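Working notes for the structure below.
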Amino acid sequence: MDDNLAAEIARIEAELEADRQFRELQQRQQQQQQQQQQPFGAMDATSAFERASAAENNPHPAQRQRMFAHGGDPMAAQQQQQQQPGVMAPTSGQPHQFSKDSDGRSIFVGNLPRGENGGPTTTPEELAQFFADCGQILNCTVLRDRGTGELKGTAYVEFASYTAMGKAIDTKNNASFKGSTIIVC
1 MDDNLAAEIA RIEAELEADR QFRELQQRQQ QQQQQQQQPF GAMDATSAFE RASAAENNPH
61 PAQRQRMFAH GGDPMAAQQQ QQQQPGVMAP TSGQPHQFSK DSDGRSIFVG NLPRGENGGP
121 TTTPEELAQF FADCGQILNC TVLRDRGTGE LKGTAYVEFA SYTAMGKAID TKNNASFKGS
181 TIIVC
């Protein structure tokens, strides 16, 4: 089982890295297109900042679709979040944008209940509540199979500080969550 979990962690990390690289490539392409459209020397520091902010807040449609881990369309994800009150999400209605150091403040949680055979399931709200005593949580993502939509039994939790992340690893690894002994790393 540990080999399967390690393989799943490696696969998810590779997928996240590919998504990050894709977003960076899209952002560079958008910046190049904007620079080509702008006459040479006409762009000052303020307009460059405004354009970078606009590109960040309004990603290209292809980029926006890749940001959703469930593989669905953005409207479906927004409707799903509205149906699940308490989901950690930005107030702007945009998908959560991970900062460069968010990986250092994020934990992987494995062996979560999947709801198999009528058993308990795991929601982002329940997981956020479980880790709330460790510190402020910025994002909680429970992973699902893209094809079937079934829970994978894994999640990522992003904390606001390194201290909170460390406390979560120290206090919650091998803890019981809804009858399952979870793995936190």
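Residue 69 in the UniProt record's numbering sits at position 69 of the sequence shown, and the numbers go up by one each step. Ideal Cβ positions, reconstructed from N, Cα and C, are used throughout, including at glycine. For clarity, every value in this text was computed on a predicted model and none was experimentally measured.
Asked: Tell me, please, whether the segment 146–163 touches the segment 124–136 by the rule of three or more beta-carbon pairs shorter than 8 Å.; Found: yes
Asked: Hey, could you find the ends of the beta strand (DSSP E) I137 is sitting in?; Found: I137 to R144
Asked: Would you kindly work out how many angstroms separate the C-alpha atoms of Q65 and R23, rounded to a whole number?; Found: In this predicted model, Q65 has a pLDDT of only 40, less than 50, meaning its place in the structure is not dependable enough to derive any value.
Asked: Considering only C-alpha positions, which residue in the set C140, T141 and F131 is nearest to T171?; Found: F131
Asked: Under the three-state reduction of DSSP, which class applies to A14: helix, strand or coil?; Found: helix
Asked: Check whether the Cβ atoms of G153 and L112 lie closer than 8 Å to each other.; Found: yes
Asked: Distance check for L25 and A175, CA to CA, integer angstroms please.; Found: 40 Å
Asked: Are there 16 or more other CB atoms within 10 angstroms of the CB of T148, so buried, or fewer, so exposed?; Found: exposed
Asked: Can you tell me where the beta strand (DSSP E) holding T154 begins and where it ends?; Found: L151 to F159
Asked: Can the beta-carbon of I9 be found closer than 8 Å to that of L143?; Found: no
Asked: On the three-state DSSP scale, how would you describe G166?; Found: helix
Asked: Between the alpha carbons of D3 and I107, how many angstroms are there, rounded?; Found: 19 Å
Asked: Using the beta-carbon count (16 or more within 10 Å), is R20 buried or exposed?; Found: exposed
Asked: Would you say R114 and L151 are within 8 Å of each other, going by their C-beta atoms?; Found: yes
Asked: Based on DSSP bridge pairs, tell me the residues matched to I107.; Found: V157
Asked: Just verifying my parser: in three-state terms, what is the DSSP assignment at T123?; Found: coil
Asked: My output table needs one value for T148: the three-state DSSP class, helix, strand or coil.; Found: coil
Asked: Here's the rule I'm using: 16 or more other beta-carbon atoms within 10 Å means buried, otherwise exposed. How should T122 be labelled?; Found: buried
Asked: Can you tell me whether I183 is helix, strand or coil according to DSSP?; Found: strand
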